[in-house]
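Q: Residue numbers (the working numbering): 1400 to 2187. By construction, the Cβ of each residue, glycine as well, lies at the ideal position given by its N, Cα and C atoms.
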Amino acid sequence: MTYIRSRKHSTSRYLNAHAATRTAATLVALGSVGAAHAQGALKEVQVDAAPDYKVEQSSSSKQTAPLLDTPKSVTVIPQEVMTQINATTLTEALRTTPGITFGAGEGGNPVGDRPFLRGYDSQASTFVDGLRDIAPSTREVFNLESVEVVKGPDSTSGGRGGAGGTINLYTKAPKQENFFLGSVGLGSDKYHRETIDWNRSFGENGAFRLNLMDFGADVAGRNGPSNKRFGIAPSISWGLGTPTRVTLSLFHMRTDDVPDGGIPYYLPASFPRFGVVELQPTYGFDRKNWYGVEGRDFRKDKSDSVTLQVEHDISPEMKLRNITRFTKSSMDYIWTQPDDSQGNVARGLVWRRFNGSMRDIDTFANATELSGKLQTGSVKHSYVTGLELSRERADNDSYTQVNRAYTAQQKCPGGAGVGSSFVCTSLYYPTSSDPWLGTFVPNGNPTSYRTDTASLYGFDSIELSPQWIVNAGLRLDSYKTQQTNPYPSTTATGGMALPVLTSGIRTKFERNDTLLNYQLGVVYKPASNGSIYASIGTSSTPGGNSLGQGSESQALSGTVGGVANTAIDLKPEKNRSIELGTKWDLLERKLSLTGAIFQIETTNARITNPTDGTVSLAGDKQVRGFELGFSGNITHQLSVFGGYTLLDSKGKNLGQSSTTDASGRTVYVPNAGTGQPFPNTPKHSASIWATYKPTSDWTFGLGAFYQSEVYGGFAWAAGTGGATLIKRSVPGYTRIDAMAGYRVNKSFNLQLNVQNLTDRIYYNTAYSTHYANIAPGRSVTLTGNFSF
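Rendered as structure tokens:
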């Protein structure tokens, strides 16, 4: 009798090595000894052909059909691509997928991942093995098998949020084989990276797997910013190859970074009385300029999780699965924002604005699924139904500066250096080694969040005939969220003393919602290797969607003595997507080509009335687009991965905002973003990564990544009465990466990577007001990969 053996995973034909952590030299030695005793059972690495980037099946149990017959846009970034481009973070991995951009962190997340999918902020729509992960962190790839990007409203699969799509990370799990893989990498800018991937079977049905990572590097082309990370991920499985399987996984990672605040926009001393002014980052400076403060700026993150997964095959065609995870994360940072708001940049100065926060997030989640296949008459079904329960909690605290009256120096009246108590520095010749004369202490008075969610969902891929398939999904979420504000406090003038708690209570705000979302797609197969589809899907974004971990359109926004009408009184934003596409497997099914046109519309977007601060769901915004994708082998020697995305976005009605006219009188005008493209949404983006293998020993790779101009935000110039529009943006760019690999023998190979080959100066994120993040310069790394 044949049973379902394990969860779905995209398979790898090309086994890349990761290993040899300096901080775990003992484990390396032990693993090598273990490998030596098991050489007879070890699997040889085969690298004679070009890697196969094409993936047939999603790792998500909620995708009930092969990717070819799934009526939505899904991009799977396999481990092979991440390894070949030398990606170390999720941000770097997602660079290979057009239509995804990154925004400068807001809402207390200045330096963590903030991806945008099809124009919508998706920070809170990131999942690990199907369970939501809201932590505002920089995610690593050392323990990942693949990254899957589902584009378009995806609340049916993931629950709340997901207006532009979801990002799903799938981790490595034990296998019934023995291998010991490792890599040691060195490079420019003090780069080092060591990883271990050790899998060992035991008994007849057990296996243990250990992944380790140690990483450190300065940011290429910058003076000051740096990154350090350490991670360990052990997992153990019992019952592999039997009807009942159990896997226990642990994960721990910590970071110790010096964050990069980027480059300020060039804000002129005055604006014309009418017209459009486009502001871009300051030019004519050394790209290495860093406006932070040595010894003060830091970022320390920590993430710990434990996951238990149990699978049982009820029959050859039916499986029951339960996954439970507890995650605890923290983020602690002080960083310098190069502020342009006080008119200093036009005078060659930068106010080094102090930003600090401490955040603790913990999540408990449990999901139970029943999946399988059945046939009713001539109709075939591939289905999954499930129940999810979760509780997410967060405490957001901040630091207070003491001993210095910083607010008096915002306009830098004393110039740079000692004249401004070192709060201000030169725009062109910053001195990060300036002595910082202040101190900072935690407030100990956090804003607290809690969200409880219970969800029921079901999906069915219904094969009516070999040519026609209907894909349907429905999800119901019971969503309850609350925000508890800090105790009221007062602070001495100038910020020179600690906040003093006053009498009072912590004000609590709550909201309960029932979210109902659906997806429906029809697939027509003119041939077995192709499909044409049409689909419709929805998503819901309720109040408190991100638990204060980033910028969100539906923040509860409750304050002591605040306005009566806040998001607490508003229903969730609703988004709807319509998509028409086609997918084809060509060249003997070795190359996947996809294309789609789509429209996403939010017809009840949250807008604010500037006259009294009340908010309502009366806004309207829309994005229309076109997308192409490709992955797989063109020939036995040539593999490609990439695509192109066109996004035509527009804020159709974003309400009103207040500004001033020439006399200083307050006037109300349409929101500056009305009629403009979405922030952080390039109209054009494209990527291609190609590898060519002329011999069994040599592999060459070349990548190009293009993005057109991106806007950070829009505002009316003060004193013009809404006649002068300010657009903050960063210019478009094309970045080139290259790779060369050489197999020394069957157990060892070398890989040389050059990222940003032409040392292009470009910006990868645009903040709405103050600054833009400059991308790293050229870097060179050499990695030795080994296997036993």
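Should methionine 1603 go down as buried or exposed, given a rule of 16 or more other Cβ atoms within 10 Å for buried?
A: Reading off the sequence shown, one finds glutamate at residue 1603, where the question assumed methionine. Flag for glutamate 1603 reads exposed.
Q: Kindly list the residues whose CB is nearer than 8 Å to the CB of glycine 2120, restricted to its own chain and excluding five residues on each side of it in sequence; keep chain order.
A: Excluding sequence neighbours, glycine 2120 sits near Thr2058, Thr2059, Asp2060, Ala2061, Val2066, Val2068.
Q: Can you grab the Cα-Cα spacing for the pair glycine 2031 / serine 2095, in whole Å?
A: C-alpha separation (whole angstroms): 18 Å.
Q: Over the uninterrupted beta strand (DSSP E) stretch that includes leucine 1493, give me the two end residues.
A: It is not in any beta strand (DSSP E) - leucine 1493 instead sits in the alpha helix (DSSP H) that spans 1489 to 1493.
Q: Please list the segments of the beta strand (DSSP E) lying wholly inside the stretch 1651 to 1719, counting only runs of 3 or more residues, in order along the chain.
A: Counting only runs of 3 or more, we get 1674 to 1678, 1697 to 1714.
Q: Where does valine 1468 fall in DSSP's three states?
A: For the record, residue 1468 in the displayed sequence is aspartate; it is not valine. In this structure, aspartate 1468 counts as helix in the three-state DSSP scheme.
Q: For the alpha helix (DSSP H) that valine 2222 lies in, which residues bound it at each end?
A: With the chain represented from 1400 up to 2187, any question about residue 2222 goes unanswered, as that position is not in the structure.
Q: So what's alanine 1434 in DSSP terms, helix, strand or just coil?
A: Residue placement at alanine 1434 is flagged as unreliable, the pLDDT there being 39, under the threshold of 50; the coordinate-derived value follows with that caveat. Helix at alanine 1434.
Q: Go to threonine 1555, then tell me how far its alpha helix (DSSP H) extends in each direction, as first and last residue.
A: Here the alpha helix (DSSP H) through threonine 1555 covers 1554 to 1557.
Q: Based on the DSSP secondary-structure assignment, which residues constitute the bridge partners of glutamate 1909?
A: In DSSP, glutamate 1909 forms a bridge with Gln1881.
Q: By how many angstroms is the C-alpha of serine 1831 removed from the C-alpha of glycine 1683?
A: Distance between the alpha carbons of glycine 1683 and serine 1831: 19 Å.
Q: Please go through the same chain and pick out, in chain order, the residues whose beta-carbon is closer than 7 Å to the beta-carbon of valine 1540, but skip the five residues on each side of it.
A: Taken in chain order, the residues that qualify are Met1481, Ala1486, Thr1487, Thr1488, Leu1489, Ala1492.
Q: At the level of alpha carbons, what is the spacing between glutamate 1538 and phenylalanine 1629?
A: A quick correction: the sequence has arginine, not glutamate, at residue 1538. Each residue's alpha carbon lies about 12 Å from the other.
Q: CB leucine 1666 to CB aspartate 1739, shorter than 7 Å?
A: Against a cut-off of 7 Å, the Cβ pair of aspartate 1739 and leucine 1666 comes out as a contact.
Q: Return the residue from the list Arg1644, Arg1724, Gly1518 that minimises the CA-CA distance to proline 1573.
A: It is Arg1644 whose Cα lies nearest to the Cα of proline 1573.
Q: Looking only at C-alpha atoms, which of Lys1772, Thr1940, Phe1753, Lys1907 sits nearest to leucine 1523?
A: Sequence check: residue 1523 is alanine here, not leucine. It is Thr1940 whose Cα lies nearest to the Cα of alanine 1523.
Q: Give the range of the beta strand (DSSP E) segment to which aspartate 1613 is assigned.
A: First-last of the beta strand (DSSP E) with aspartate 1613: 1605 to 1617.
Q: Can you look up serine 1819 in the DSSP assignment and give me helix, strand or coil?
A: Here serine 1819 sits in helix by DSSP.
Q: Taking only the alpha-carbon atoms, compute the straight-line gap between serine 1825 and valine 1817 and give it to the nearest angstrom.
A: So the two alpha carbons sit approximately 12 Å from each other.
Q: Can you tell me whether tyrosine 1827 is buried or exposed? The criterion is at least 16 other CB atoms within 10 Å of its CB, across all chains shown.
A: It counts as exposed.
Q: What runs of the beta strand (DSSP E), each 3 residues or longer, lie entirely inside the stretch 2136 to 2178?
A: Runs found: 2147 to 2154, 2162 to 2165, 2170 to 2173.
Q: Tell me, which residues are paired with phenylalanine 1526 by DSSP?
A: DSSP lists Arg1531, Asn1567 as partners of phenylalanine 1526.
Q: To the nearest whole angstrom, what separates the beta carbons of valine 2022 and phenylalanine 2029, a pair I think is in contact under 8 Å?
A: So it is not a contact: roughly 23 Å between Cβ atoms.
Q: Here's the rule I'm using: 16 or more other beta-carbon atoms within 10 Å means buried, otherwise exposed. How should phenylalanine 1673 be labelled?
A: That one is exposed.
Q: Can you give me the Cβ contacts of aspartate 2047 inside the same chain, cut-off strictly under 6 Å, excluding the 5 residues immediately before and after it?
A: Contacts found: Arg2023.
Q: Inspect the beta-carbon positions of lysine 2020 and lysine 2051 and report whether they are closer than 7 Å.
A: Cβ atoms of lysine 2020 and lysine 2051: closer than 7 Å.
Q: Which residue comes first and which comes last in the beta strand (DSSP E) that contains histidine 2035?
A: Histidine 2035 -> no beta strand (DSSP E), and no H or E assigned at all.
Q: Return the residue from the list Asp2136, Pro2093, Ala2114 that minimises the CA-CA distance to phenylalanine 2104.
A: Ranking Asp2136, Pro2093, Ala2114 by Cα distance to phenylalanine 2104 puts Asp2136 first.
Q: Could you pull out every residue in the same chain whose Cβ sits closer than 8 Å to the Cβ of proline 1925, ignoring the five residues on either side in sequence?
A: Answer for proline 1925: Gln1866, Ile1931, listed in chain order.
Q: What would DSSP say about arginine 1746, mapped onto helix, strand or coil?
A: Here arginine 1746 sits in helix by DSSP.
Q: Can you give the Cα-Cα distance for phenylalanine 1908 and aspartate 1968, rounded to whole angstroms?
A: Taking the straight line joining both Cα atoms gives about 10 Å.
Q: Under 7 Å Cβ to Cβ from serine 1600, same chain only, skipping five residues before and after it: list those, please.
A: Correct list, in chain order: Gln1575, Glu1576, Asn1577, Ala1606.
Q: Apart from the five residues just before and just after asparagine 1542, which ones in its own chain have a Cβ nearer than 6 Å to its Cβ?
A: Only Thr1570, Lys1571, Asn1610, Ala1632 meet the Cβ criterion.
Q: Going straight from the alpha carbon of tyrosine 1664 to that of leucine 1678, what length do you get?
A: Those two C-alpha atoms are separated by around 6 Å.
Q: I'd like to know whether the C-beta atoms of isoleucine 1733 and arginine 1695 end up nearer to each other than 7 Å.
A: Contact flag set, yes.
Q: To the nearest angstrom, how far is the alpha carbon of glutamine 1445 from that of lysine 2145?
A: Bear in mind that a pLDDT of 46 at glutamine 1445, under 50, signals an unreliable position, so the model cannot answer this.
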